[in-house]
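J.:
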Amino acid sequence: MNKVVDEIDFTKPIIRRKSLSASNSGNMTTTVEFPEFFSMTFDEPVKHGGEGNGPSPLQGVLASLCGCEAVTFNRTAKDMDFSYNGLKFDAEFTIDIRGRMGERSIVPHFKTVRLQVHVNTEEEEERLREVVEETEARCPVFNLIKDAGVKLECLWIRSTQK
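The sequence shown lines up with residues 8 to 169 when you count with the numbering used here.
1. Does the ligand HEM have even one heavy atom less than 6 Å from the beta-carbon of residue 156?
2. Which of helix, strand or coil does DSSP assign to residue 52?
3. In angstroms, rounded to a whole number, what distance separates the CA positions of residue 110 and residue 116?
4. Given this structure, state the Cα-to-Cα distance separating residue 134 from residue 142, to the nearest angstrom.
5. Could you pull the DSSP bridge partners for residue 93 from this structure?
6. Is DSSP giving residue 18 helix, strand or coil here?
7. What residue from 22, 119, 83 and 71 has the CA that sits closest to residue 148's CA?
8. On a Cα-Cα basis, can you pick out the residue from 86, 40 and 95 that is closest to residue 123?
9. Could you check what DSSP says for residue 159 in three-state terms: helix, strand or coil?
10. Just how far apart, CA to CA, sit residue 99 and residue 120?
11. Is residue 23 helix, strand or coil when you go by DSSP?
12. Locate the alpha helix (DSSP H) running through residue 71, then write down its first and last residues.
13. Exposed or buried, which one is residue 35 when buried takes at least 16 other CB atoms within 10 Å?
14. I'd like to confirm the pairing. Which residues does DSSP put opposite residue 31 in its beta bridges?
15. So, helix, strand or coil for residue 152, using DSSP?
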């Protein structure tokens, strides 16, 4: 199996550093530069004071959850010799906007995150459960959201469509 790192001794920390830069011109639009890829714009919808030039930062977090779960599922499936043909995500969040409007007694982050993942596989349901359990234990973004105390509901659905 190919490893992302060359180190074999997993008893010692294996630290990876990633960086990016971001700029904002005093409005709701922030442009993020990913050195090895491209730039991405985050904004708010017009009705929330933005210009609608991109997803909101919270939508970016939700998209990152889907992407991270997909990458982690792929690595976990390979580690566990689990065969699948693809994933399809539907995701949503709820937030009490009073928190980001300055009401200190209300948390300014997600209240709930719901994720529905369709897994195209011929593998048995029990095998899928095992891979999902390991995926959720390994996924950094999933655990960031969970550890923030957000109610996180994930439904993984086995699908055998070709």
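By construction, the Cβ of each residue, glycine as well, lies at the ideal position given by its N, Cα and C atoms.
T.: Quick look at the numbers:
1. In terms of ligand content, the structure shown is empty, and the ligand HEM therefore cannot be addressed.
2. Residue numbering aside, residue 52 sits at position 45 when the sequence shown is read from its first letter. Correct three-state label for residue 52: coil.
3. Within the sequence shown, residue 110 is the residue found at index 103, counting from 1. Within the sequence shown, residue 116 is the residue found at index 109, counting from 1. Cα to Cα, the separation comes out at about 12 Å.
4. For this step, residue 134 is matched to residue 127 along the sequence shown. For this step, residue 142 is matched to residue 135 along the sequence shown. If you take the alpha carbons of residue 134 and residue 142, they lie about 12 Å apart.
5. For the purposes of this step, residue 93 is taken as the residue at position 86 of the sequence shown. Per DSSP, 127.
6. As a position in the sequence shown, residue 18 is number 11, starting the count at 1. Of the three classes helix, strand and coil, the one that applies to residue 18 here is coil, per DSSP.
7. The sequence position of residue 148 within the sequence shown is 141, counting from 1. Of the candidates 22, 119, 83 and 71, the one whose C-alpha sits nearest the C-alpha of residue 148 is 71.
8. Here residue 123 is taken as the residue at index 116 of the sequence shown, counted from 1. Residue 123 has its Cα closest to that of 95, out of 86, 40 and 95.
9. Stepping through the sequence shown from its first residue, residue 159 is reached at position 152. If DSSP states are grouped into helix, strand and coil, residue 159 belongs with the strands.
10. Here residue 99 refers to the residue found at position 92 when the sequence shown is read from its first residue. Here residue 120 refers to the residue found at position 113 when the sequence shown is read from its first residue. C-alpha separation (whole angstroms): 6 Å.
11. As a working mapping, residue 23 is identified with position 16 in the sequence shown. Residue state, collapsed to three classes: coil.
12. Translated into the one-based positions of the sequence shown, residue 71 becomes position 64. Note, residue 71: alpha helix (DSSP H), 64-86.
13. Residue numbering aside, residue 35 sits at position 28 when the sequence shown is read from its first letter. Buried, because 16 or more other Cβ atoms sit within 10 Å of the Cβ of residue 35.
14. On the sequence shown, position 24 is the one that residue 31 refers to. DSSP lists 37 as partners of residue 31.
15. Position 145 of the sequence shown holds residue 152. If DSSP states are grouped into helix, strand and coil, residue 152 belongs with the helices.
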